[in-house]
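The sequence shown runs 1484 to 1573 under our numbering.
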Amino acid sequence: MITKKFQLPQEEFNSFILLENEKIYTRSTGALRVLRSLGGFWSLAYAFIIVPPFIRDAVYNWISRNRYKWFGKKEECWLPRPEWKDLFLD
């Protein structure tokens, strides 16, 4: 399991995880790296990587606490396409 391999908490782990080139990135760092890989307008957000992680992660945590209030919550989860299955953890 990824969490065990990279010595992350085994229970109650509720953060964003990006595994890239055998390295783990969590919270704001992982999210910014994903935005960069999307290209175009989204890649501009990667400029925030210069902000110290404790500040970025505080903003990330604030957004995660409020996202359902701002955007609502769906009763059903979105399912990835079958060809994307290898990109997600079981």
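Don't be surprised by glycine CBs; every beta carbon is placed ideally from N, CA and C.
As the structure is a prediction and not an experimental result, all values here were calculated from the model.
Asked, Found
"Report back the beta-carbon spacing between Thr1509 and Phe1499 to the nearest angstrom; my notes put them in contact at under 8 angstroms.", "6 angstroms"
"Rounding to the nearest angstrom, what Cα-Cα distance links Phe1481 and Ile1507 in this structure?", "Since the first and last residues shown for the chain are 1484 and 1573, residue 1481 lies out of range."
"Are Phe1571 and Pro1565 closer than 7 angstroms when you measure CB to CB?", "no"
"Sorted by chain position, which residues of the same chain lie with C-beta nearer than 7 angstroms to Phe1531's C-beta, five sequence neighbours on each side aside?", "Leu1515 and Arg1539"
"Does Gln1490 get closer than 7 angstroms to chain D when you measure Cβ to Cβ?", "Among the protein chains of the structure shown there is no chain D, as only one such chain exists."
"Run through the DSSP bridge pairs and tell me what Tyr1508 is partnered with.", "Leu1501"
"Taking 7 angstroms as the cut-off, decide whether the C-beta atoms of Leu1518 and Ala1528 are in contact.", "yes"
"With H, G and I counted as helix, E and B as strand and the rest as coil, what does DSSP make of Pro1536?", "helix"
"Do you know how far the Cα of Lys1568 is from the Cα of Val1542?", "30 angstroms"
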